[in-house]
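Mapping of the sequence shown onto my numbering: residues 48 to 290, in sequence order.
Note that the Cβ used here is the ideal one computed from N, Cα and C, for glycine as well.
Remember, it's a predicted structure, so these values are computed and weren't measured experimentally.
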Amino acid sequence: MKQYEAVIMVMEGKGGYATLGSLNQEVLKIKECKWKTKTPFASIRRIVQDERFFFKIRPGLWALKTHKDKLPPEILAVKSVPKTKQEEYTHTYYQGLLVEIGNLKEYHTFVPNQDKNNSYLGKKLCEISTVQNIYRFSYDHILKRAKTVDVIWFNERYMPARLFEVEHSTTIQNSLIKFVEMQDFDTSFQIVADNVRKREFESKLTLEAFRPIQRRTRFLSYEEVSDWHSKTYEITTLEKNLF
(Lines of atoms letter the chains of each structure in order from A; the text may use other names.)
(Lines give C-alpha, C1' and ligand atoms only; values in the text may rest on other atoms or scores of the structure.)
Protein backbone atom coordinates (compact mmCIF):
# COMPACT_ATOMS: atom_id res chain seq x y z
CA MET A 48 0.00 0.00 0.00
CA LYS A 49 1.27 3.45 -0.92
CA GLN A 50 1.56 6.14 1.73
CA TYR A 51 -1.10 8.40 0.28
CA GLU A 52 -3.46 5.40 0.11
CA ALA A 53 -2.94 4.84 3.85
CA VAL A 54 -3.90 8.46 4.53
CA ILE A 55 -7.00 8.09 2.35
CA MET A 56 -7.97 4.90 4.20
CA VAL A 57 -7.78 6.61 7.59
CA MET A 58 -9.80 9.59 6.36
CA GLU A 59 -12.46 7.34 4.85
CA GLY A 60 -12.77 5.57 8.19
CA LYS A 61 -13.39 8.90 9.86
CA GLY A 62 -16.10 10.00 7.47
CA GLY A 63 -13.93 11.61 4.81
CA TYR A 64 -12.13 14.16 7.01
CA ALA A 65 -9.55 14.24 9.80
CA THR A 66 -7.29 16.53 11.75
CA LEU A 67 -3.60 16.33 11.01
CA GLY A 68 -3.14 15.28 14.63
CA SER A 69 -5.39 12.25 14.32
CA LEU A 70 -3.71 11.29 11.04
CA ASN A 71 -0.35 11.38 12.82
CA GLN A 72 -1.77 8.95 15.36
CA GLU A 73 -3.63 6.54 13.07
CA VAL A 74 -1.84 6.35 9.72
CA LEU A 75 1.34 4.75 11.07
CA LYS A 76 -0.72 1.91 12.56
CA ILE A 77 -1.54 0.53 9.10
CA LYS A 78 0.80 -2.43 8.79
CA GLU A 79 0.35 -2.78 5.03
CA CYS A 80 2.09 0.56 4.52
CA LYS A 81 5.83 0.96 5.10
CA TRP A 82 7.25 4.36 6.06
CA LYS A 83 10.92 4.13 5.14
CA THR A 84 11.70 7.59 6.42
CA LYS A 85 12.89 9.19 9.64
CA THR A 86 10.27 11.94 9.24
CA PRO A 87 6.90 10.21 8.67
CA PHE A 88 4.91 13.12 10.13
CA ALA A 89 6.47 15.53 7.62
CA SER A 90 5.48 13.06 4.91
CA ILE A 91 1.87 13.05 6.13
CA ARG A 92 1.81 16.87 6.11
CA ARG A 93 3.07 16.79 2.53
CA ILE A 94 0.57 14.14 1.44
CA VAL A 95 -2.54 16.01 2.64
CA GLN A 96 -1.45 18.98 0.51
CA ASP A 97 -1.78 16.86 -2.64
CA GLU A 98 -4.67 18.61 -4.39
CA ARG A 99 -5.51 15.51 -6.42
CA PHE A 100 -7.02 13.85 -3.38
CA PHE A 101 -7.34 16.30 -0.46
CA PHE A 102 -8.42 19.83 0.40
CA LYS A 103 -8.02 22.01 3.47
CA ILE A 104 -11.12 23.03 5.41
CA ARG A 105 -9.50 25.11 8.15
CA PRO A 106 -6.16 25.07 10.00
CA GLY A 107 -5.34 21.47 10.90
CA LEU A 108 -8.46 19.96 9.28
CA TRP A 109 -8.32 18.18 5.92
CA ALA A 110 -10.84 16.25 3.84
CA LEU A 111 -11.10 13.99 0.80
CA LYS A 112 -12.27 15.61 -2.42
CA THR A 113 -14.46 12.56 -3.07
CA HIS A 114 -16.43 13.39 0.11
CA LYS A 115 -16.79 17.14 -0.39
CA ASP A 116 -20.54 16.98 -1.02
CA LYS A 117 -21.11 14.50 1.83
CA LEU A 118 -19.54 16.36 4.74
CA PRO A 119 -21.77 17.44 7.66
CA PRO A 120 -22.38 21.20 8.03
CA GLU A 121 -20.27 21.52 11.18
CA ILE A 122 -17.30 20.30 9.13
CA LEU A 123 -17.93 22.17 5.90
CA ALA A 124 -20.83 24.60 6.10
CA VAL A 125 -22.63 25.43 2.86
CA LYS A 126 -23.39 29.05 2.02
CA SER A 127 -27.01 28.67 3.11
CA VAL A 128 -25.94 28.04 6.73
CA PRO A 129 -26.46 31.26 8.77
CA LYS A 130 -23.33 33.19 9.71
CA THR A 131 -24.02 32.75 13.42
CA LYS A 132 -24.10 28.97 12.97
CA GLN A 133 -20.86 29.01 11.01
CA GLU A 134 -19.23 31.01 13.80
CA GLU A 135 -20.47 28.45 16.33
CA TYR A 136 -18.91 25.64 14.29
CA THR A 137 -15.56 27.46 14.19
CA HIS A 138 -15.71 28.21 17.91
CA THR A 139 -16.47 24.56 18.73
CA TYR A 140 -13.68 23.29 16.48
CA TYR A 141 -10.99 25.17 18.38
CA GLN A 142 -12.54 24.22 21.71
CA GLY A 143 -12.26 20.60 20.62
CA LEU A 144 -8.62 20.96 19.61
CA LEU A 145 -7.80 22.47 23.00
CA VAL A 146 -9.66 19.72 24.85
CA GLU A 147 -7.77 17.02 22.93
CA ILE A 148 -4.42 18.68 23.60
CA GLY A 149 -5.26 18.85 27.31
CA ASN A 150 -6.29 15.20 27.35
CA LEU A 151 -3.03 14.15 25.70
CA LYS A 152 -1.12 16.15 28.29
CA GLU A 153 -3.09 14.33 31.03
CA TYR A 154 -5.02 17.31 32.33
CA HIS A 155 -8.67 17.12 33.37
CA THR A 156 -10.59 19.04 30.69
CA PHE A 157 -13.76 21.09 31.08
CA VAL A 158 -16.11 22.93 28.73
CA PRO A 159 -19.14 24.99 29.87
CA ASN A 160 -22.62 23.49 29.98
CA GLN A 161 -23.91 25.64 27.13
CA ASP A 162 -21.30 24.13 24.79
CA LYS A 163 -21.27 20.49 25.86
CA ASN A 164 -23.67 19.28 23.17
CA ASN A 165 -21.97 21.13 20.32
CA SER A 166 -20.58 18.84 17.66
CA TYR A 167 -16.82 18.44 17.20
CA LEU A 168 -15.68 16.12 14.39
CA GLY A 169 -18.68 13.82 14.77
CA LYS A 170 -18.74 13.82 18.57
CA LYS A 171 -20.18 16.10 21.22
CA LEU A 172 -17.72 18.15 23.26
CA CYS A 173 -18.99 16.42 26.41
CA GLU A 174 -17.84 13.11 24.94
CA ILE A 175 -14.21 14.20 24.71
CA SER A 176 -13.92 16.44 27.80
CA THR A 177 -13.24 14.61 31.06
CA VAL A 178 -14.87 16.92 33.66
CA GLN A 179 -18.65 17.08 33.38
CA ASN A 180 -19.25 19.19 36.50
CA ILE A 181 -16.70 21.84 37.35
CA TYR A 182 -14.52 21.11 40.37
CA ARG A 183 -15.41 23.19 43.43
CA PHE A 184 -11.98 24.73 43.75
CA SER A 185 -13.12 28.11 45.12
CA TYR A 186 -15.99 30.32 46.28
CA ASP A 187 -19.33 30.22 44.49
CA HIS A 188 -18.98 33.67 42.90
CA ILE A 189 -15.66 32.64 41.33
CA LEU A 190 -17.02 29.28 40.19
CA LYS A 191 -19.97 31.06 38.57
CA ARG A 192 -17.57 32.98 36.33
CA ALA A 193 -15.22 30.01 35.76
CA LYS A 194 -18.12 27.89 34.51
CA THR A 195 -18.38 30.14 31.45
CA VAL A 196 -14.73 29.82 30.34
CA ASP A 197 -14.50 28.05 26.96
CA VAL A 198 -11.91 25.44 28.03
CA ILE A 199 -10.24 24.81 31.38
CA TRP A 200 -7.39 22.41 32.05
CA PHE A 201 -7.31 21.19 35.66
CA ASN A 202 -4.19 19.65 37.15
CA GLU A 203 -3.93 16.45 39.21
CA ARG A 204 -4.97 18.40 42.33
CA TYR A 205 -8.17 19.53 40.59
CA MET A 206 -7.01 23.14 40.45
CA PRO A 207 -7.23 25.26 37.27
CA ALA A 208 -3.90 25.24 35.45
CA ARG A 209 -4.82 26.85 32.12
CA LEU A 210 -7.81 28.82 30.91
CA PHE A 211 -8.67 29.35 27.25
CA GLU A 212 -11.17 31.73 25.69
CA VAL A 213 -11.90 31.28 21.98
CA GLU A 214 -12.77 34.66 20.50
CA HIS A 215 -14.03 34.24 16.97
CA SER A 216 -16.35 37.25 16.91
CA THR A 217 -17.08 38.14 20.55
CA THR A 218 -15.42 40.77 22.71
CA ILE A 219 -11.89 40.04 23.92
CA GLN A 220 -12.30 42.44 26.84
CA ASN A 221 -15.04 40.29 28.41
CA SER A 222 -12.70 37.31 28.40
CA LEU A 223 -9.94 39.30 30.05
CA ILE A 224 -12.40 40.27 32.79
CA LYS A 225 -12.99 36.56 33.44
CA PHE A 226 -9.26 36.06 33.73
CA VAL A 227 -8.97 38.88 36.26
CA GLU A 228 -11.47 37.04 38.46
CA MET A 229 -9.03 34.09 38.49
CA GLN A 230 -5.86 36.09 39.19
CA ASP A 231 -5.32 34.61 42.66
CA PHE A 232 -4.73 31.12 41.25
CA ASP A 233 -1.49 29.78 39.78
CA THR A 234 -3.07 29.80 36.34
CA SER A 235 -2.09 30.89 32.84
CA PHE A 236 -4.56 32.56 30.50
CA GLN A 237 -4.86 32.26 26.73
CA ILE A 238 -6.97 34.16 24.20
CA VAL A 239 -7.45 32.08 21.04
CA ALA A 240 -8.47 33.97 17.90
CA ASP A 241 -7.69 34.73 14.29
CA ASN A 242 -4.30 36.38 13.98
CA VAL A 243 -5.93 39.59 12.70
CA ARG A 244 -7.22 40.20 16.25
CA LYS A 245 -3.79 40.11 17.89
CA ARG A 246 -3.39 43.90 17.86
CA GLU A 247 -6.81 44.28 19.45
CA PHE A 248 -5.75 41.82 22.16
CA GLU A 249 -2.50 43.69 22.81
CA SER A 250 -4.34 46.99 23.05
CA LYS A 251 -6.90 45.69 25.54
CA LEU A 252 -4.29 43.97 27.69
CA THR A 253 -2.42 47.23 28.28
CA LEU A 254 -5.40 48.73 30.12
CA GLU A 255 -4.72 49.37 33.80
CA ALA A 256 -7.56 47.08 34.85
CA PHE A 257 -5.70 44.10 33.41
CA ARG A 258 -2.27 44.80 34.90
CA PRO A 259 -2.58 41.88 37.42
CA ILE A 260 -2.79 39.33 34.58
CA GLN A 261 -0.61 40.94 31.89
CA ARG A 262 2.41 38.69 32.40
CA ARG A 263 0.32 35.52 32.49
CA THR A 264 -1.89 36.18 29.49
CA ARG A 265 -0.93 35.43 25.91
CA PHE A 266 -2.48 35.31 22.47
CA LEU A 267 -2.71 32.08 20.48
CA SER A 268 -3.68 32.24 16.81
CA TYR A 269 -5.82 29.56 15.23
CA GLU A 270 -2.77 28.35 13.28
CA GLU A 271 -0.71 28.07 16.47
CA VAL A 272 -3.41 25.98 18.15
CA SER A 273 -3.62 23.75 15.09
CA ASP A 274 0.18 23.27 15.05
CA TRP A 275 0.18 22.61 18.79
CA HIS A 276 -2.52 19.97 18.31
CA SER A 277 -0.69 18.11 15.54
CA LYS A 278 2.70 18.34 17.27
CA THR A 279 1.26 17.02 20.53
CA TYR A 280 -0.07 13.99 18.66
CA GLU A 281 3.34 13.53 17.04
CA ILE A 282 5.10 13.53 20.41
CA THR A 283 2.53 11.19 21.95
CA THR A 284 2.86 8.74 19.06
CA LEU A 285 6.65 8.80 19.26
CA GLU A 286 6.61 8.20 23.02
CA LYS A 287 4.27 5.21 22.63
CA ASN A 288 6.59 3.68 20.02
CA LEU A 289 9.66 4.29 22.18
CA PHE A 290 8.31 3.21 25.54
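Annotation for residue 103: 109 place their beta carbon closer than 7 Å to its own, counting only its chain and skipping 5 residues before and after. For residue 212, the enclosing beta strand (DSSP E) begins and ends at 207-213. Pairing residue 53 with residue 262, the inter-Cα distance amounts to about 45 Å.
Beta-bridge partners assigned by DSSP to residue 236: 210, 264. Rounded to whole angstroms, residue 198 and residue 222 show a C-alpha spacing of 12 Å. Cα atoms of residue 132 and residue 142: separation of roughly 15 Å, rounded to the nearest angstrom.
Residue 166 is bridged by DSSP to 171.
By the neighbour-count criterion, in which 16 or more other beta carbons inside 10 Å mark a residue as buried, residue 174 falls on the exposed side. By the beta-carbon neighbour count (other beta carbons within 10 angstroms, threshold 16), residue 188 is exposed.
Restricting attention to beta strand (DSSP E) runs no shorter than 3 residues, the stretch 58-118 encloses them at 64-66, 101-105, 108-111, ordered along the chain. Per DSSP, residue 196 lies in no beta strand (DSSP E) and is assigned neither H nor E. In this structure, DSSP gives residue 156 an extended state, which the three-state scheme calls strand.
When rounded, the separation of the alpha-carbon atoms in residue 176 and residue 144 is 11 Å.
Counting C-beta pairs closer than 8 Å gives fewer than three between the stretch 73-90 and the stretch 110-125, which falls short of the contact rule. It is roughly 10 Å from the alpha-carbon of residue 234 to the alpha-carbon of residue 201. The beta-carbon separation of residue 279 and residue 151, rounded to 5 Å, stays under the 8 Å limit for a contact. The Cβ neighbour count for residue 259, taken over all protein chains shown within 10 Å, is under 16; the residue is labelled exposed.
Non-local beta-carbon contacts of residue 117 in its own chain, meaning distances under 7 Å to residues more than five positions away in sequence, involve 63 in chain order. For residue 178, the pairing in a beta bridge is given by DSSP as 157. Taking 8 Å as the upper bound for CB-CB distance, residue 68 and residue 276 are in contact here, some 5 Å apart. Taking 7 Å as the cut-off, the beta carbon of residue 236 is found no closer than this to the beta carbon of residue 207.
With a cutoff of 7 Å on beta-carbon distance, residue 216 and residue 98 are scored as not near each other.
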